[in-house]
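Peer 1:
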Amino acid sequence: MKLSPRLTVLLTALALTACAPQTSSNSSSDKDDTSGTLRVWLFQEVGNKPKEKVVDSVVAAFEKAHDGTKVEVEYIPIDTRAQRVKAAFNDPASAPDVMEYGNTDTAGYVKDGGLLDVTQEFGAWPEAKDTDPTAKASVTVDGKVYGAPFYVGVRALYYRTDVFKELGLQPPRTMTELATTARKIRAAKPELYGLVVGGAYTYGAMPFVWADGGEIATAEGGSYTSAIDSAAAQKGIKAYTSLFSDDNCPAAKCAGFGGNDTVSAFAAGKAGMAIGGDFSHAAVEAGKVKGKYAVVPLPGVASGSIAPAFAGGNNIGVLKSTSHRTLAVELMEQLASKKTQGALFDAMGFLPTYADVRQQAAEKEPFVKPFVQTLSSGTKFVPASPAWSQIDSSLVLPTMFQEVISGRKSVAAASKDAAKKMNDAFGSAG
Numbered sequence: 032m033k034l035s036p037r038l039t040v041l042l043t044a045l046a047l048t049a050c051a052p053q054t055s056s057n058s059s060s061d062k063d064d065t066s067g068t069l070r071v072w073l074f075q076e077v078g079n080k081p082k083e084k085v086v087d088s089v090v091a092a093f094e095k096a097h098d099g100t101k102v103e104v105e106y107i108p109i110d111t112r113a114q115r116v117k118a119a120f121n122d123p124a125s126a127p128d129v130m131e132y133g134n135t136d137t138a139g140y141v142k143d144g145g146l147l148d149v150t151q152e153f154g155a156w157p158e159a160k161d162t163d164p165t166a167k168a169s170v171t172v173d174g175k176v177y178g179a180p181f182y183v184g185v186r187a188l189y190y191r192t193d194v195f196k197e198l199g200l201q202p203p204r205t206m207t208e209l210a211t212t213a214r215k216i217r218a219a220k221p222e223l224y225g226l227v228v229g230g231a232y233t234y235g236a237m238p239f240v241w242a243d244g245g246e247i248a249t250a251e252g253g254s255y256t257s258a259i260d261s262a263a264a265q266k267g268i269k270a271y272t273s274l275f276s277d278d279n280c281p282a283a284k285c286a287g288f289g290g291n292d293t294v295s296a297f298a299a300g301k302a303g304m305a306i307g308g309d310f311s312h313a314a315v316e317a318g319k320v321k322g323k324y325a326v327v328p329l330p331g332v333a334s335g336s337i338a339p340a341f342a343g344g345n346n347i348g349v350l351k352s353t354s355h356r357t358l359a360v361e362l363m364e365q366l367a368s369k370k371t372q373g374a375l376f377d378a379m380g381f382l383p384t385y386a387d388v389r390q391q392a393a394e395k396e397p398f399v400k401p402f403v404q405t406l407s408s409g410t411k412f413v414p415a416s417p418a419w420s421q422i423d424s425s426l427v428l429p430t431m432f433q434e435v436i437s438g439r440k441s442v443a444a445a446s447k448d449a450a451k452k453m454n455d456a457f458g459s460a461g
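Position one of the sequence shown corresponds to residue 32 (the working numbering), numbered consecutively onward.
1. For S261, which residues in the same chain have their Cβ closer than 8 Å to its Cβ, ignoring the five residues on either side in sequence?
2. Measuring only from the beta carbon, is Y106 closer than 6 Å to any heavy atom that is part of the ligand COA?
3. Using the beta-carbon count (16 or more within 10 Å), is R389 buried or exposed?
4. For A248, does the count of other Cβ atoms within 10 angstroms reach 16, so buried, or fall short, so exposed?
5. Where are the alpha helix (DSSP H) runs, 4 residues long or more, that stay fully inside the stretch 384 to 450, in chain order?
6. I'd like to check one pair, G184 with G343: are the Cβ atoms closer than 7 Å?
7. Assess, as a yes-or-no matter, whether the stretch 155 to 170 is touched by the stretch 294 to 306 under the definition of 3 or more beta carbon pairs within less than 8 Å.
8. Could you have a look at I259 and say whether DSSP puts it in helix, strand or coil?
9. My understanding is that S125 touches T100, with C-beta atoms under 8 Å, so please give their C-beta distance in whole angstroms.
10. Taking A313 and P81 to be in contact with their CB atoms under 8 Å, please state how far apart those CB atoms are, rounded to whole angstroms.
11. Count the other C-beta atoms from every protein chain shown that fall within 10 angstroms of the C-beta of S441, then say buried if there are 16 or more, exposed otherwise.
12. CA-CA distance, A456 and V327?
13. May I ask which residues mark the beginning and end of the alpha helix (DSSP H) holding T212?
14. Return the first residue and the last residue of the alpha helix (DSSP H) that T192 is part of.
15. If the criterion is Cβ atoms closer than 7 Å, does the pair V227 and A296 meet it?
16. Measuring only the C-alpha atoms, how far is T212 from A187?
17. Find out if the Cβ-Cβ distance for the pair A305, I436 is shorter than 7 Å.
18. Would the beta-carbon of A179 fall within 7 Å of that of I347?
19. State buried or exposed for N134, treating a residue as buried only when at least 16 other CB atoms are found within 10 Å of its CB.
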């Protein structure tokens, strides 16, 4: 994906809260400039314009409140974030001051020495007290805070109401029904994927593993051991990879799909169902299926159950190399504020990390309900180990799924190889 150019954003203002108190610096820079240019990296979303509009207004207000300060925002592809961030950590001159990052990356980025400890500022920030505890945990490593939660995300099942009505189908209540329904759609409408799936869509695949009782890894004494090759996990892997077939989502097309690819296919009217996040809502609304879809929790193995979903989401952090510590922390707080998160919910469907703002969102928009139900039914997270960044960026799990999908390896062999790679990473992380 081609990177969009860096944007200097100047639009209408939002009210700003008072500047957070400065603490004794733990940054790698001995400067704390009170003017100049702040660089920000945010993730490029499917249908990014609404996000840009919200961010533009925050930045315009920030610039207005700080004479001599300019903010440059660059939207970077999520799939290449690992390389960009690694380069930034190694070369502070090219690094941003403020960065959006996935909550699964926190432990690894802290170990790499890239994120600034903002424990004192976060504690003094009035809005922080309303942060969801799970969200706060996603920015916390060994009791210290390394950012502010930006949004929380879970995935559920999007389906085409017009297709279901035409074919006399009901939303599936079990994973077995999910597969059967997908194949019925494909048989009746071969121009559609039944359930669009992706071999590189780790967090669309993991609910199948978790629903069958499998785990990514198990923890003992502060260390992790892979469990992806357990019998239960293998059962879930088989259930997911069996969907890559000509009677649902052909492997030749779908093996390389990631999460954005599956959402894009559904939004374009090319699939009867897709596993998408609350954060996918804006992209789907902007597509050809607007007004012709609904969302329900992804079903589990037992009838009426909900498959455990990954408790995802993103955070906003300040890089340790910043030479604008005080300004950068304040900008982080503005980007992660209640007002901004409420605006991002309206614009993108991102679920707020504040319990009170999320409740307001649920009351305002009915589409939030299945995602809140999914959150309430119990979610899963990745191992809280710095090794996870290496496992994720090395595509250990996508490689495993794709080896099975292609027929190069059996489920047992592919999962065993993946487990070895994971254990090597856990061992090297300490």
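Cβ atoms here follow ideal geometry from the backbone N, Cα and C, with glycine treated the same way.
Peer 2: So, from the data block:
1. The beta carbon of S261 sits closer than 8 Å to those of G245, E246, all from its chain and outside the five residues before and after it, given in chain order.
2. By its list of ligands, the structure shown contains no ligand whatsoever, and the ligand COA lies outside what it can speak to.
3. By the neighbour-count criterion, in which 16 or more other beta carbons inside 10 Å mark a residue as buried, R389 falls on the buried side.
4. Buried, since its Cβ has 16 or more Cβ neighbours within 10 Å.
5. Complete alpha helix (DSSP H) runs here, min 4: 386 to 395, 400 to 408, 418 to 424, 427 to 437.
6. Yes, Cβ-Cβ distance for G343 and G184 is below 7 Å.
7. Contact fails: fewer than three Cβ-Cβ distances are below 8 Å.
8. It is coil, neither helix nor strand.
9. In fact, because the Cβ distance is near 20 Å, the residues do not count as touching under 8 Å.
10. So it is a contact: roughly 6 Å between Cβ atoms.
11. Counting other Cβ atoms within 10 Å of its Cβ, S441 stays below 16 and is therefore classed as exposed.
12. Near 36 Å, if we compare the C-alpha coordinates of V327 and A456.
13. Following the DSSP letters along the chain, one finds T212 inside the alpha helix (DSSP H) bounded by residues 206 to 219.
14. First-last of the alpha helix (DSSP H) with T192: 192 to 198.
15. For V227 and A296, yes; Cβs fall inside 7 Å.
16. About 16 Å.
17. No, the Cβ-Cβ distance between A305 and I436 is not below 7 Å.
18. Taking 7 Å as the cut-off, the Cβ atoms of A179 and I347 count as close.
19. By the Cβ neighbour-count rule, N134 is buried, with 16 or more other Cβ atoms within 10 Å of its own.
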